[in-house]
Amino acid sequence: MTRAKIYLAMALAFILQLMPWSTWVHPEFVLMTLLYCLLRSPHLCGIGTAWVVGVILDLMTGVLFGQHALAYTLTAFLALFYQRRLILFTNLQQMGYILLLLLFNQSIMMLLQAYTGQYSLLILFLSSIASLLIWYLAHLLWLNRER
Amino acid sequence: MMDDQSPKFFFRGTSILLRMVFFSALSISLMASDARFHYLGSLRQAGMLMLYPFQWLANRPEAIYQTLNEYVVTQTTLREQLATLKNESLLQSSKLQQLQSLEAENNHLKSLLMLSENSQFKVRPAEIIALINHSYSHKVIISSGQEEGVIDGQAVIDEQGVIGQVTRVFRYTSEVTLLTDRDFAIPIQIERNGLRAIAYGRGNRYSISLPYLPANIDLLKGDRLITSGIDGTYPAGLLVAEIAELKTSSNSPFAIVHAQPLGGVHNFRQVLLIEPQEKSKSLNEAQQISQQDQQQHQQNRLKAQELLHKMQERTE
Chain A
642 MTRAKIYLAM ALAFILQLMP WSTWVHPEFV LMTLLYCLLR SPHLCGIGTA WVVGVILDLM
702 TGVLFGQHAL AYTLTAFLAL FYQRRLILFT NLQQMGYILL LLLFNQSIMM LLQAYTGQYS
762 LLILFLSSIA SLLIWYLAHL LWLNRER
Chain B
4 MMDDQSPKFF FRGTSILLRM VFFSALSISL MASDARFHYL GSLRQAGMLM LYPFQWLANR
64 PEAIYQTLNE YVVTQTTLRE QLATLKNESL LQSSKLQQLQ SLEAENNHLK SLLMLSENSQ
124 FKVRPAEIIA LINHSYSHKV IISSGQEEGV IDGQAVIDEQ GVIGQVTRVF RYTSEVTLLT
184 DRDFAIPIQI ERNGLRAIAY GRGNRYSISL PYLPANIDLL KGDRLITSGI DGTYPAGLLV
244 AEIAELKTSS NSPFAIVHAQ PLGGVHNFRQ VLLIEPQEKS KSLNEAQQIS QQDQQQHQQN
304 RLKAQELLHK MQERTE
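Protein chains in written order, with the numbering used here: chain A, 642 to 788; chain B, 4 to 319.
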C-alpha cells in the first residue's frame, strides 16, 4: 500500500459513510478502512491518522468535536498493540479480533453519547456485524491477500 | 506495556502508548472546549465547506436513481397522476375560496379588536442532501445555507406538518434537528380544546412525548397537536403530531402521553423553510394605529372647534 492509495481509500470510505444508510444498520466504512490501513501498513499510518480521521467524522456527523476522535484513537491503539501478531493470523481469527475492536469502538461511542440520547444494544451489534461483513467482502475481493 | 523482546535496532518513533495518551488527551480537551466554550464554531464552518463536495458525491447515487425514476415513467402512471392532481387542485381551490373569505372575516374581526393581523408566513423550498447518520441523533443536512439567507432557528416544515428546526448554518448547507431528536422541544396546543403544552423529542423515530401533564388532563387518542405560535419561531397553527398513546400510571402524578409526528419527519427529501417573522411587527402596527388614532382625534377636535366658531358667528 502506498500513501496515495490510502488517501484514495479514505476518501472513498468517507463518501460511502455519508450515503443515506438505514439508522438500524450503519456499516462503518471509515473505521474499517482505517483498521485495514493500520494493520497492513503501520509504517504509513498510526494513531495520529486515526485521530485526524475521527475529527473529520465528528465534523460530518455534527456531534461534539472529539467523540469519534477519542474512540478511534483508543481503537487504533488496540489494533496496533497486537498488529504484529494479528497479521500472522488466519482471516477468520483476524475477523474475530476486528469484531472485538468494532464492539469496543461502539461501546466508547455509546458511553460518550449516553447523555444525549437513547441507545440500543441491537443497533450497536447490527452495525458491527455489517461492518464485519464489509471486511469479509473486501477479503473476497482480493484486498486482503496482498501480504 | 509493550515488552519488545528484540533489541531496538531502529528508532520507531514514540511508543504507541504515549501517542495514544497524547491523542486521547487532545480529543478530550477538544470535547471540553466544544461543549463548554464554543470556540470551534468557525473551525466547523470551514470543515463543512471542505466536506461539501463529499456530501454532494455521496448524494449522487440516490439523486441519479430518482431522476432515472422520473424519466422512466409510463404514460398510464403519468395520466393517473395528472388526474389525481387535477382533482386535488379543484378540491383545494374550492377550499381556498372558503379560506380566503374566512381569512378576510377573521382579519376584519381582529382589526376591530385591535389585534395584530395574522401575517402570512413565507416559505422557501430546500432539499435534504444528507442524513447525519447516527443512531443517537436525528439530524439532517439541507441544501441551503448562509448564501441563501438561512438563519439559525428557522422552522422547517413539509406539506403535512412540522419537521424540525435549523440548528446550525453553514456556507452552502445547514443542519436541521428533527422533531424526534432527543434535544428537541416545541410549544404546542391541542387543536380540539386549545390546551397549551410543550412536546419533546425522545430519540424515537415515531413518537414524541408530552411530559408533565396532569393525569386527569382532557386528551383523547387522535387529538391533533398544532404549534401555538407563542415562541415566535413557529407560526401558529402548523400541524405537529397526533396523540397516539395515552396512559396513566398509579405511581406518577403525570399522564404518559406519546404523539406521532404528522410530517414526514423521516420520509421526504423536499422540505420548506419558514422565513422568520419580524417580532416587532405587531408592536409597530399597534403604534401606527395609535398614531393614526391620535391624528384623527386631533383632526376631529379641530373640526369641532371650527364648527363651534361657525355656530358662534351665526348666533352673533
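The beta carbon of each residue, even a glycine, is placed where N, CA and C say it ideally should be. Computed from a predicted model, the values in this text were never measured in an experiment.
- Between VAL694(A) and MET660(A), the C-beta gap is not smaller than 8 Å, which leaves the two residues out of contact.
- Taking 8 Å as the CB threshold, ARG174(B) stays off the interface with chain A.
- Distance from the CA of LEU94(B) to the CA of ALA107(B), rounded to the nearest whole angstrom, comes to 20 Å.
- Residues of the region 713 to 746 of chain A whose Cβ lies closer than 7 Å to any Cβ of chain B, in chain order: THR714, LEU715, PHE718, LEU721 and PHE722.
- By the neighbour-count definition (other C-beta atoms within 10 Å, threshold 16), TYR713(A) is a buried residue.
- The C-alpha of MET51(B) lies about 40 Å from the C-alpha of GLU248(B).
- One thing to note: GLY148(B) has its Cβ within 8 Å of the Cβ of ARG174(B).
- Close to ILE135(B), with beta-carbon spacing below 7 Å, are these residues of chain A in chain order: THR702 and GLY703.
- Assignment of LEU249(B) by DSSP, reduced to helix, strand and coil, places it in the strand class.
- Taking a beta-carbon distance threshold of 8 Å, ILE166(B) does not count as an interface residue toward chain A.
- Under the 8 Å criterion on CB atoms, LEU241(B) is classed as non-interfacial with respect to chain A.
- Residue contact with chain B for PRO668(A): absent (no Cβ-Cβ distance below 8 Å to any residue of chain B).
- The C-beta of GLU162(B) comes no closer than 8 Å to any C-beta of chain A.
- Excluding residues up to 5 positions away in sequence, SER768 lie with their Cβ nearer than 6 Å to the Cβ of HIS667(A) in the same chain.
- Put simply, the backbone Cα of SER231(B) is about 10 Å away from that of LEU242(B).
- ILE160(B) sits close to ILE277(B), with the two beta carbons spaced by under 8 Å.
- Scanning the region 190 to 236 of chain B for uninterrupted beta strand (DSSP E) segments of 3 residues or longer gives 199 to 204 and 227 to 230, listed from N- to C-terminal end.
- Along the region 257 to 280 of chain B, there is no position whose C-beta sits under 7 Å from a C-beta of chain A.
- With its beta carbon less than 8 Å from one in chain A, PRO64(B) belongs to the interface.
- Distance between GLY204(B) and GLN103(B), taken at the CA atoms: about 35 Å.
- Excluding sequence positions up to five before and after CYS686(A), its CB lies within less than 8 Å of the CB of ILE647, LEU675, CYS678 and LEU679, all in the same chain and listed in chain order.
- In the DSSP assignment, ALA244(B) is bridged to LEU228(B) and PRO264(B).
- At a C-beta separation below 7 Å, LEU659(A) has these neighbours in chain B: PHE57, GLN58, ALA61 and ALA133.
- Relative to the Cα of TRP692(A), the nearest Cα in the group HIS684(A), ALA717(A), LEU721(A) and LEU729(A) belongs to ALA717(A).
- Put simply, of ARG39(B), ILE211(B) and LEU275(B) the residue whose alpha carbon is nearest the alpha carbon of LYS125(B) is LEU275(B).
- Between the alpha carbons of GLU151(B) and ILE131(B) lies a gap of roughly 15 Å.
- Within chain A, the residues LEU700 have their CB atoms less than 7 Å from the CB of GLY50(B), given in chain order.
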